[in-house]
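Numbering (this note's numbering), first residue to last: 334 to 408.
Report on the structure given below.
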């Protein structure tokens, strides 16, 4: 499991139930997800806390672009 979760840091998301449940649990724990919805304000706070200064603007821009996506759809 650790190797699969570690790949998330490299931008590789493993679409397996146990991995996705783990990620959902982490998001709920840090209050990025509340009532099954993404919390914009908390995401911004977590970015400020967790990301290096040189990455913050790009990550916030990516979040703003993707935050309203509700469900993945294969192309």
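C-beta atoms are modelled at their ideal positions from N, C-alpha and C, and glycine is treated no differently.
A quick note: this is a predicted structure, and the numbers were derived from the prediction, not measured.
Short of 6 Å from the beta carbon of residue 386, and not among the five residues preceding or following it, lies no beta carbon of its own chain. Looking only at 396, 388 and 339, the smallest Cα-Cα distance to residue 375 is reached by 396.
Annotation for residue 346: no residue places its beta carbon closer than 6 Å to its own, counting only its chain and skipping 5 residues before and after. A direct Cα-to-Cα measurement between residue 370 and residue 334 gives close to 25 Å.
Cβ contact annotation for residue 351 (same chain, cutoff 8 Å, sequence separation greater than five): 334, in chain order.
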